[in-house]
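First to last, the sequence lines map onto chains A and B. With the numbering used here as the guide, the letters of the first sequence map in order to residues 1019 to 1472. With the numbering used here as the guide, the letters of the second sequence map in order to residues 263 to 724. What follows is one structure encoded as structure tokens, with my remarks underneath.
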Amino acid sequence: MGDLFTGLRPAAQIDADLAERLPAYTRNEAIVEASNCLYCFDAPCMVACPTSIDIPGFIKLIQTDDRLGSAQRILEQNILGSSCARVCAVEELCEQACVLAPHEGPIKIGRLQRYATDEVYRDPNGFARAGLVSGAPTGRSVAVVGGGPAGLASAAELRIAGHDVTIFDRQPELGGLAMYGIIPLREPSEVAQWEASQVIALGATAKVGCEVGVDVSGEELLEQFDAVFLANGAGRRVSSISLVGAEADGVEDALEFIEEIRVQRPSDVPVGRNVVIVGAGNTAMDAATIAARLGADVVTCVYRRTQGEMTGYPDEYEHCLKDGVRFRWLTQPVRVLTDDTGHVSGLECRVVVLGEPDIDGRPRPTVTDDVVVIDCDHVLLATGQLREPGLYERFGLDVEWDRPKMTGPFHTSDPRVFAGGDAVLSGKELSVVDAVAQGRDAARAIDAYLEDHA
Amino acid sequence: MADLSTDTAGIQSPNPFWIASGPPGNSLRQVRLAFEAGWGGVVWKTVGGPVIDTAMRYGGLDVYGRKLVGLNNIELISDRPIEVNFAEIAQAKEEFPDRAVVVSLMVETERQAWHEVVKRAEQTGCDGFELNFGCPHGMSERNMGAAVGQVPEYIEMITGWVKEVATIPVLVKLTPNITNIESGALAAKAGGADGVSAINTINSIVGLDLDTWETRPSVNGKGSHGGYAGPAVKPIALHMVSSIAHNPELAGLPISGIGGAHTWQDVAEFMLLGASTVQVCTAIMHHGFRLVGELETGLSNYLDSKGLASVRDLVGGSVERISSFGDLDLNWQVRAKVDPDSCIGCGKCIEVCRDNQVDCIDWENGTVNIGRVAKVDQHECIGCDLCSIVCPVTDCITMEEQPRVLQELNWNGLNAKVGVPGFSDETSGITWERFPAEVAPLVDSHGFHNPSTADTGEPEPV
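And the structure:
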């Protein structure tokens, strides 16, 4: 992409601006914050947590200066407690449920969880120190397809149960979206790497750079393993938005752009001077933040609906505004314009009006004939992921639309094959913490299946 | 604006806020700062023979992240030469003639020694003496301080010696480390004391270092008990002050109240229970001298809000409210009521009622996570007040007085009605066997556990 740029800002400045946004609590800060927790009965925060972490319990342990005990409480429910402390939408989950939220403001549960889990983070024996150890060998084996949050959570739980586990992932490193899809402001990649390392320390085997269906077949897995867990996520490429000319230079998937940030020094990632992000979800916000901080002059998110319908979190939207990101609502890109070298030079859009609600309850956008052209040299598509149902067909599974047909919680049409995580979730449940809950609970279902089919 | 001037045993003071004998009153430099800030009086740090203090003299008690809820110390009396102290006391009095300057004294238990120190101290022009019979550590091991204060005969004897020569008021500072502080006050009065100061610090070990198993504070690996002070001791001090004020044989004995006072409310409480001045130390060790500004503003506004012209109108105002359990009405009933608009849904009340009392609170609107509200079963509530005490929202749970069902009756009255002659007042012969027929009809059933029912947690038969 010769017409994108690096060096728009000094590399050290970019590194600093992309470092983890929130500083860690000091011991004193954590104890003071923990002391404000009411230790509610039947605590709403715990109910709101998809992994049901004993939040009052771990906060009480912070307050009483047992940081390891606090980490144990978290990790026994959620092995990706370090990632979730950083990336969970706490303002929509535990902190929203905090009884203090409408009054003096919620307890800072996310930051306290980070304080607690930092006790074991980076420790090569961290999980063991937190009491997570492999169980007595059962002689049974499970293949986990996908090394993201759901896959890792299932692998840890299966190892604790004593089963052999092999994780297959097409990427060079484990972690899935926690590794490749989260911007460093929210979570440094080292966190995801450490969590994956701890699952390996529990005795799981990783086959990375190995795509199931390409490098190894479904039949082979079913022959070699007693059960298979499909945790292959919500797919990769952006869903089609009928954008003419999307193959032009300078047009790329926002997730790929974020992945570049993760796998190389951010200052080495090329960016345009005038960047347009298509979409207004959290991936769009993340990509916009990165583009702005890499030094783009103008960053614009275009979205066919309005702020009221966007799926990005309000906090992320506010962060974008502070970075100078512009938002163009009611704007539908229809065509990529290029210069004579074939590089993107603009985005032809149509003005949208909102009509009756669609099946999701959101107003249906209706494209008008009014044309708007936005000049740009870099387009990042953040309009959702496209699922890959072909994988399920290779396992001989019944498929419903783009997902495996589920015959019970985590059960597919083949009793040996289980599925969970983003592969089966949608909407707001497409999150790290929901994926962890899925992986953990799927592992319990698999364990029960193996028990019944000894 | 109300008049804040007051006096204790004739020692005049422009306001009731005195600095207690301790670290804040150990030098002219400090006392100047204190008086400039507005303190009405100082009890100069105890003067006496030479002492040497250790490093690490204090230990703080933090509760739920709040610093210095309690403070332990092993510091001794003034570490400055007695003549230096006397010179500075004289200077302080000269510079601030309207303030109360009281000198705390402690010397060995010899009549001559007390006579000499009193005569010498009076030359400073000070307004009064406070005899330190309370210091619980260090000095007591040298047969001074609490070693004297724990033996009423010694209190009376030494107070008598002091009164033989003193021409200004003499207060005796009492130790709480005694079974009944009234015995100390009675002895002081018998010795001729013009008033008492109560309380001194309480024997304590504030805590341990769980890494080394040493005490806090640790002096090179060893510790000793110290004297405990600060907000945590206030309830103990209030009780002791009230018991002195309430004792008919001590009626009229002036009291300077001490023990954890930190706010204007604390000062008002000490005064309502009988103190005419209130001494403060730990709060200054936590927040400095300027705290007196908030004490003065708060107390003054409180007096205005109550329509009181003088702070003296508070003194002893609650003493008659202190009664004994046998006089309390057993048939006066209240029930807890939750204001659903202010309930935040924390469930503290539900859990503590379930785990400690009668399990009469539950969610009003089922098990919803957000927007849930607690509700009290008014038939089951016993009016104990635990729920409102744990409720984090001010005035969310109120205790509502109930229409009277049974006429006023206290334990003494019950005993007079149904007690068995020949039994003592304490046992009365009121047995559980006699309860259903003879006692239960007279008293509200919320006040006792019905002996015919078992609380097994099983559902009651329909």
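Note that beta-carbon positions come from the ideal geometry of N, C-alpha and C, so glycine has one too. Quick caveat, the model's predicted, so the values are computed rather than measured.
- Message: Let me confirm a value: Gln292/B is counted as buried when at least 16 other C-beta atoms fall within 10 Å, else exposed. Which label applies?
- Response: The residue labelled residue 292/B in the question sits at position 30 within the second sequence. Gln292/B is buried by the Cβ-count criterion.
- Start and end of the alpha helix (DSSP H) containing Glu1291/A? Along the first sequence, read from residue 1 onward, the residue named residue 1291/A stands at position 273. Rather than Glu, the amino acid found at residue 1291/A in this sequence is Arg. No alpha helix (DSSP H) contains Arg1291/A, which DSSP labels as neither H nor E.
- Query: When we look at the beta-carbon of Lys568/B and count the other beta-carbons within 10 Å, is it buried (16 or more) or exposed?
  - Reply: Here the question's residue 568/B lines up with position 306 in the second sequence. Exposed.
- Any chance the CB of Leu433/B is under 7 Å from a heavy atom of the ligand ADP? Summarising the ligand content, the structure contains no ligands, and the ligand ADP is consequently not present.
- Report all residues from its chain with a CB closer than 7 Å to the CB of Glu1237/A; omit the five preceding and five following residues, and keep chain order. Within the first sequence, the letter at position 219 stands for residue 1237/A. None.
- Message: Mapping the DSSP letters down to three states, classify Cys608/B as helix, strand or coil.
- Response: Looking up residue 608/B in the second sequence gives position 346. If DSSP states are grouped into helix, strand and coil, Cys608/B belongs with coil.
- Assuming Ala264/B and Ser580/B form a contact by the criterion Cβ under 8 Å, report the distance between their Cβ atoms to the nearest whole angstrom. Walking along the second sequence from the start, residue 264/B turns up at place 2. Walking along the second sequence from the start, residue 580/B turns up at place 318. Going by Cβ atoms, the distance from Ala264/B to Ser580/B rounds to 18 Å, so no, they are not a contact pair.
- Query: Any beta-carbon of chain B closer than 8 Å to the one on Val1506/A?
  - Reply: Residue 1506/A cannot be examined here, being either before or after the span of chain A that is shown, 1019 to 1472.
- Using a Cβ-Cβ cut-off of 8 Å, state whether Gly492/B counts as contacting chain A. As a working note, residue 492/B is residue 230 in the second sequence. With 8 Å as the cut-off, Gly492/B does not count as an interface residue toward chain A.
- Task: Compare the Cα-Cα distances from Arg616/B to each of Glu337/B, Ile644/B and Asp591/B and report the closest residue.
- Result: For this step, residue 616/B is matched to residue 354 along the second sequence. If we check each option's Cα against that of Arg616/B, Ile644/B comes out closest.
- Query: DSSP beta-bridge partners for Arg1368/A?
  - Reply: Start at 1 with the first residue of the first sequence, and residue 1368/A comes out as number 350. Answer by DSSP bridge pairing, in chain order: Gln1350/A and Val1389/A.
- Three or more beta-carbon pairs under 8 Å between the region 405 to 413 of chain B and the region 365 to 375 of chain B, yes or no? yes
- Query: At which residues does the alpha helix (DSSP H) containing Glu1479/A begin and terminate?
  - Reply: Not covered by the structure: residue 1479/A. The range shown for chain A is 1019 to 1472.
- Residues sharing a beta bridge with Ser504/B, DSSP: By 1-based counting over the second sequence, the position of residue 504/B is 242. For Ser504/B, which the question treats as bridged, DSSP gives no partner whatsoever.
- Query: Taking the alpha-carbon positions, what's the Glu642/B to Ala598/B distance?
  - Reply: Working through the second sequence from its first residue, we reach residue 642/B at position 380. Working through the second sequence from its first residue, we reach residue 598/B at position 336. In a straight line, the C-alpha of Glu642/B is about 10 Å away from that of Ala598/B.
- Compare the Cα-Cα distances from Val1451/A to each of Lys1078/A, Gly1128/A, Cys1367/A and Val1385/A and report the closest residue. Walking along the first sequence from the start, residue 1451/A turns up at place 433. The shortest C-alpha separation from Val1451/A is found at Gly1128/A.
- Message: When you compare the CB of Phe1076/A with every CB in chain B, is at least one pair closer than 8 Å?
- Response: Translated into positions along the first sequence, residue 1076/A becomes position 58. Chain B contact via Cβ: absent.
- Starting from Ala537/B, trace the beta strand (DSSP E) both ways and give me its first and last residue. By one-based count along the second sequence, residue 537/B stands at place 275. Segment Ala537 to Val542, the beta strand (DSSP E) holding Ala537/B.
- Query: Is it true that the CB of Ser1159/A sits closer than 8 Å to the CB of Phe1023/A?
  - Reply: As a working mapping, residue 1023/A is identified with position 5 in the first sequence. As a working mapping, residue 1159/A is identified with position 141 in the first sequence. No; because the gap between Cβ atoms is not below 8 Å, this pair is not in contact.
- Query: In whole angstroms, what separates the C-alpha of Pro698/B from that of Leu668/B?
  - Reply: As a working note, residue 698/B is residue 436 in the second sequence. As a working note, residue 668/B is residue 406 in the second sequence. Their backbone Cα atoms lie some 16 Å apart in a straight line.
- Task: Whole angstroms is fine: what's the gap from Met1019/A's alpha carbon to Leu1026/A's?
- Result: Sequence index remark: in the first sequence, residue 1019/A carries index 1 (1-based). Sequence index remark: in the first sequence, residue 1026/A carries index 8 (1-based). Note that Met1019/A scores a pLDDT of 45, beneath 50, so its modelled location is shaky and nothing firm can be said.
- Would you verify that the beta carbon of Gly609/B is, or is not, closer than 8 Å to some beta carbon of chain C? Among the chains of the structure shown, chain C does not appear; the protein chains present are A and B.
- Task: Taking Thr1135/A as part of the alpha helix (DSSP H), name the residues at either end of that continuous run.
- Result: Counting from one through the first sequence, the residue named residue 1135/A turns up at place 117. Looking at the DSSP string, the run of the alpha helix (DSSP H) that includes Thr1135/A is Ile1127 to Thr1135.
- Query: Which stretch, first to last residue, makes up the alpha helix (DSSP H) that contains Cys649/B?
  - Reply: Your numbering for residue 649/B matches position 387 in the second sequence. Unbroken alpha helix (DSSP H) run through Cys649/B: Leu648 to Val652.
- Query: In its own chain, which residues sit with a C-beta less than 6 Å from the C-beta of Ala449/B, not counting the 5 before and 5 after it?
  - Reply: As a position in the second sequence, residue 449/B is number 187, starting the count at 1. Around Ala449/B: Pro414, Ile417 and Glu418.
- Task: Just confirm the distance between the C-beta atoms of Gly457/B and Pro516/B, as a whole number of angstroms; I'd bet it's less than 8 Å.
- Result: If you number the second sequence from 1, residue 457/B lands on position 195. If you number the second sequence from 1, residue 516/B lands on position 254. The pair is a contact, with the Cβ atoms about 3 Å apart (cut-off 8 Å).
- Message: Any beta carbon from chain B within less than 8 Å of Met1019/A's own beta carbon?
- Response: Mapped onto the first sequence, residue 1019/A falls at position 1. Low per-residue confidence applies at Met1019/A: pLDDT is 45, beneath 50, and the placement is therefore not dependable, though the value from the model is reported in the following sentence. No, its Cβ sits nowhere closer than 8 Å to a Cβ of chain B.
- Buried or exposed by the 16-neighbour rule on C-beta atoms within 10 Å, applied to Arg1311/A: The count along the first sequence starts at 1 and reaches residue 1311/A at position 293. Buried: at least 16 other Cβ atoms inside 10 Å.
- Query: Within 8 Å (strictly less), CB to CB, does Asp1182/A reach chain B?
  - Reply: Locating residue 1182/A in the first sequence gives position 164, counting from the first residue. No, because no Cβ of chain B sits closer than 8 Å to the Cβ of Asp1182/A.
- Item | beta strand (DSSP E) segments (min. 3 residues) lying fully within the region 385 to 451 of chain B | 390 to 394 and 432 to 435
- Residues from the region 1107 to 1123 of chain A in contact with chain B, defined by Cβ distance under 8 Å: Gln1114, Ala1115, Val1117, Leu1118, Pro1120 and His1121
- Would you call the region 286 to 300 of chain B and the region 467 to 482 of chain B touching, i.e. three or more CB-CB distances under 8 Å? no
- Message: Taking DSSP's pairing of strands, which residues face Gln274/B in a bridge?
- Response: Taking the second sequence and counting its residues from 1, one reaches residue 274/B at position 12. DSSP output for Gln274/B lists Asp269/B as bridge partner(s).
- Query: For Pro431/B, which residues in chain A fall below 8 Å Cβ to Cβ?
  - Reply: Residue 431/B sits at position 169 when you count from the first residue of the second sequence. Correct list: empty, because the minimum Cβ distance to chain A is about 45 Å.
- Query: Helix, strand or coil: which one does DSSP assign to Ser486/B?
  - Reply: Here the question's residue 486/B lines up with position 224 in the second sequence. Reduced to three states, the DSSP call for Ser486/B is coil.
- Message: At 4 residues or longer, what runs of the alpha helix (DSSP H) sit wholly inside the region 1151 to 1209 of chain A?
- Response: 1167 to 1178 and 1195 to 1198
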